[in-house]
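Each remark here refers to the structure printed beneath this line.
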Amino acid sequence: MSNDVELEQEHLDLLYGHLDDLRERATARLGQTRKERGSTHQAMSERDSMSAMLIDQIERYNAVEHGLCFGRIDGLDGVVRYIGRIGLFDEKSGDHVPLLTDWRAPAARPFYLATAASPEGVRRRRHIRTRGRKVTDLDDEVLDLDIANVTAGRTLSGLAGEATLLAAVNARRTGRMSDIVETIQAEQDVVIRTDLSGALVVQGGPGTGKTAVALHRAAYLLYTFREILETRAVLIVGPNDTFLRYISQVLPSLAETGVLLCTVGDLFPGVTARREEPAAVAEIKGRKIMVDVLRKALDDRQRQPTKRIPIEIDRQGNRETLYLEPGEAKRARNLARATKKPHNVARPIFEKEIVAVLTGKLTEKLGDDPFADITRAAFESGRKDEYANTEDIGDNVLDQADVEEIRKSLAKEPEVLAVCDWLWPVLTAQQLVAALYASPDRLESAAPQLTAGERAALRREPRGGWTPADVPLLDEAAELLDGDKPVSDEFVIEERERLARREYAEGALEILKGSRSLDDEEDPEYLSATDLLDAADLGERQRTISFVTAAQRAAADRSWAFGHVIVDEAQELSPMAWRLLMRRCPSRSMTLVGDVAQTGDLSGAPSWDSILSPYVADRWRLAELTVNYRTPSEIMAVAGHVLATIDPTMSPPRSVRDTGVPPWAERVDADKLVDRLVDAIRAETAVVGDGRVGVLVPAERVATLGAAVASAIEGTAVGAGVDLVSPVVVLTVKQAKGLEFDSVLLVEPAEILDGSPRGASDLYVALTRATQRLGILHTAPLPEAVKI
1 MSNDVELEQE HLDLLYGHLD DLRERATARL GQTRKERGST HQAMSERDSM
51 SAMLIDQIER YNAVEHGLCF GRIDGLDGVV RYIGRIGLFD EKSGDHVPLL
101 TDWRAPAARP FYLATAASPE GVRRRRHIRT RGRKVTDLDD EVLDLDIANV
151 TAGRTLSGLA GEATLLAAVN ARRTGRMSDI VETIQAEQDV VIRTDLSGAL
201 VVQGGPGTGK TAVALHRAAY LLYTFREILE TRAVLIVGPN DTFLRYISQV
251 LPSLAETGVL LCTVGDLFPG VTARREEPAA VAEIKGRKIM VDVLRKALDD
301 RQRQPTKRIP IEIDRQGNRE TLYLEPGEAK RARNLARATK KPHNVARPIF
351 EKEIVAVLTG KLTEKLGDDP FADITRAAFE SGRKDEYANT EDIGDNVLDQ
401 ADVEEIRKSL AKEPEVLAVC DWLWPVLTAQ QLVAALYASP DRLESAAPQL
451 TAGERAALRR EPRGGWTPAD VPLLDEAAEL LDGDKPVSDE FVIEERERLA
501 RREYAEGALE ILKGSRSLDD EEDPEYLSAT DLLDAADLGE RQRTISFVTA
551 AQRAAADRSW AFGHVIVDEA QELSPMAWRL LMRRCPSRSM TLVGDVAQTG
601 DLSGAPSWDS ILSPYVADRW RLAELTVNYR TPSEIMAVAG HVLATIDPTM
651 SPPRSVRDTG VPPWAERVDA DKLVDRLVDA IRAETAVVGD GRVGVLVPAE
701 RVATLGAAVA SAIEGTAVGA GVDLVSPVVV LTVKQAKGLE FDSVLLVEPA
751 EILDGSPRGA SDLYVALTRA TQRLGILHTA PLPEAVKI
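Next up, the structure:
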């Protein structure tokens, strides 16, 4: 084996030498490109695009520094392929001989699928373990039964690279998820390489690698469908910030950066929703009925006056009062509504009609009274010529230019605009939703279908920030107000800058035009800048180009349509959140990852069909992951009893390993709970060494227990938004969704079970976060379902 290690080291050195060469060349080109001075708008754009492309290349080369090559397959035809994170080719040979095959390429797939029963043309599969740039170990699997006997255990397990896999799952946690590119199993590979189109649901119990599969699927899709997805971007939605930090290094390690990672609370540009609220309130906000509530709330803002409205205007220094009748306001409102346009988009139509009515009233006052109605009717219908020579009309008849001047003047009148603002205000989504929450009267009018208690639960003052459950409502409100118009701060700023550039250019061209000599004007063949440029074009030529990725643009644009959307813990999202996500992905190209048995949110989904049928009917695919790589069998046996109380028809995923360490439970007196918990944490940290200990507690106790533990054990992190690199983390079950720890200490499982209508699901989640060890501390009797 030592000779084999030396041979593999030689090839690894070759690969790293090639990688270094590519990185150096890209770095040199980047330095040269940055020195170039663009003399035109197009040249600057090309320079910045080239710079961005080279920066992306360098980042990819840096990202694959660790674990560049991890496998090799020897074919029955004698062809040897090395498998790694990116593809590398021998360009000097002239025919681009592959030195390293990208794990996503079709040629690499046998590395993951080959078995003794179906060798896929592979004689031997070799897993190459490295540390830095050094080969540390090799794990060979001979798949040709004519050459070597395959052990019964390996045949029965169905695991590819069993030794490498077990080494990975038994390794200490670091607080960051690692990629599984070296150990992808056959059932995972099938999911990862499923086609881009349509909605794919990946159902899997705890520890089956759902999240890792979803992230590797994102990398695979970006590699295979790069032309489509590089411009449209991929969105990955996770349950919380802690989870996003936990997975943040996976895709970069796979040489992919064109992905937007966020929570539902980040999906409305300009809003970062982190305010906490009771689960029961979030459940109300998540109901689909809130669509009707928001529509009615908006209708209520399109006011209908019950009496005439006096409007004072300034007329050449004199104050003039016009009166808007309720019927006239109603006609204007009906006309704007009839367009079916969003509220803010329809406002100019409403305003134009109000101004037209007031223009008619003012021209009537200014004209000859006996013939005022005839004159106004003539002008409004465009039949001025019929009255042009009528002597009876008198000297005060207004021509069309006068009427137009009156209309323009009224359209700028502060009093007129104030009345229009009161009757049909221009609103932001934040204003509409905040005003609804702040007013009991508005809530009662807009939400009669809710109970008085539910309306009272929604009531809050418009300060203190937004909750994640508010974001789908803000997005729905934006649809009602502005349709698909971008509403981000970045868009507004860019539009203002564009208008400022145009105004400046108009001034510059006016000065240039005024400086022309009379001789130039007399020569019709003389061309100047003003003949070749308009203000808009000149303004855009002064624009400073700033390259941003598709993911960065998508984050700032509410109307962005993503090329693919991946949702982790998808079972937790509310119906309103799904409406938001479906707007972000009109193509319905989605990967939804989760486990309905772990649904904890009150507004979460009881089934996948309930999520998808309103949008794609039955046109969605289901893939199931059945093997548990994370949770050892001893812990899964305890969790299995809880699963049976959730749904007796469900079977827990099959664990691939035992640890020989049984879970334990200990009942303590209430006044001794903190001291015993601290002692247990110290004992667990001593066992797991540089691993991670997760302490999962009822939501009501996270502040008190977290503070007590943090004061006793240095380096403890507590609650939402923590960094999982801390050796000890105290979390609620909801905050621990999707995470894993070497050891878990579960406190007061009875309180977790009784904490919500879906407490059994929360308890199931809590019991399955550990990769090695599980301990339970309780003051009340253990729930009947927890059998230890």
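The sequence shown begins at 1 in UniProt numbering and counts up by one. From the three backbone atoms N, C-alpha and C, an ideal C-beta is built for every residue, glycine too.
Do you know whose CA, among the options, lies nearest residue i's CA?
i           : options                   : result
T174        : Y246, D144 and P119       : Y246
P100        : A750, P663, E91 and G87   : As written in the sequence, residue 100 is Leu, which differs from the Pro given in the question. Measuring from the Cα of L100, the nearest candidate turns out to be G87.
T33         : A52, H18, Y16 and Q42     : A52
D568        : T257, D90 and K210        : K210
R463        : I611, R455, Q449 and V433 : V433
R274        : P468, P781 and G775       : P468
V264        : P472, R769, E684 and V744 : P472
residue 823 : W466, T685, I752 and N318 : For the chain, the structure presents residues 1 to 788; residue 823 sits outside this window and is missing.
L753        : V747, L746, L745 and D762 : D762
W422        : D300, T626 and F225       : D300
A703        : T732, I681, V271 and E714 : T732
H564        : L573, S574, A556 and R583 : R583
A720        : N240, K485 and A577       : N240
S711        : V674, K734 and T685       : V674
V642        : V656, A760 and L739       : A760
E700        : P425, A750 and C585       : A750
T359        : E320, R407 and R621       : R407
T659        : L774, L324, P252 and L417 : L774
A452        : I284, Q431 and D56        : I284
K134        : D13, A282 and R81         : D13
I55         : R315, G270, T27 and N344  : T27
CB residue i to CB residue j, shorter than 7 Å?
i    : j    : result
Q185 : A160 : yes
I566 : A214 : yes
G205 : R630 : no
A297 : A446 : yes
L724 : A639 : no
L777 : V747 : yes
A171 : T183 : no
V219 : V234 : The sequence as given places Ala at residue 219; Val does not occur at that position. The answer is no: Cβ separation not under 7 Å.
L294 : E479 : no
D482 : P342 : yes
A212 : I236 : no
I788 : P663 : yes
Below 7 Å CB to CB, which residues in the same chain sit around residue i once its five sequence neighbours on both sides are set aside?
i    : result
G153 : Because the pLDDT of G153 is 35, which lies under 50, any placement of that residue in the model is unreliable, and the question is left without a value.
Q571 : G594, D595, V596, Q598, T599, G604 and A605
L196 : L221, F225, H564 and S589
L68  : L15, Y16, L19, G84 and R85
K485 : S559
S613 : none
Residues in the same chain with beta-carbon distance under 8 Å from residue i, minus the five sequence neighbours each way, listed in chain order, please.
i    : result
R758 : T599, G600, D601, L602 and G604
D330 : Sequence inspection shows Lys at residue 330; the Asp mentioned does not correspond to that position. Excluding positions up to five away in sequence, the list reads Q304.
L138 : M1, D4, V5, E8, R126, H127, I128 and R129
A280 : A457 and L602
D77  : G121
Give every residue of the same chain whose Cβ lies closer than 6 Å to the Cβ of residue i, excluding the five residues on either side of it in the sequence, and list them in chain order.
i    : result
L705 : V697
L450 : none
A623 : V191 and V202
R176 : Q249
W608 : V201
V616 : A199 and R588
V786 : P749
To the nearest whole angstrom, what separates the beta carbons of residue i and residue j, a pair I think is in contact under 8 Å?
i    : j    : result
E312 : E454 : 44 Å between Cβ atoms; not a contact.
K737 : F243 : 7 Å
P727 : V765 : At roughly 22 Å, the Cβ-Cβ gap does not stay under 8 Å, so P727 and V765 are not in contact.
T339 : A346 : 5 Å
D74  : R29  : The Cβ separation is near 37 Å, so there is no contact.
L410 : L362 : 7 Å
V709 : V678 : 6 Å
L443 : R459 : 6 Å
D140 : Y223 : D140 to Y223, Cβ: 28 Å. No contact.
With respect to 6 Å, is the separation between the Cβ of residue i and the closest non-hydrogen atom of the ligand ATP below this value?
i    : result
L215 : Of ligands this structure carries none, so the ligand ATP is not represented either.
Open item on the list: Counting beta carbon pairs with one atom in the stretch 401 to 413 and one in the stretch 434 to 441, are three or more of them shorter than 8 Å?
Closed with: The stretch 434 to 441 vs the stretch 401 to 413: no contact.
- [ ] Indicate whether the contact test is met: 3 or more Cβ pairs, each with one atom in the stretch 56 to 67 and one in the stretch 239 to 257, closer than 8 Å.
- [x] Taking 8 Å as the limit for Cβ pairs, the verdict is that the stretch 239 to 257 does touch the stretch 56 to 67.
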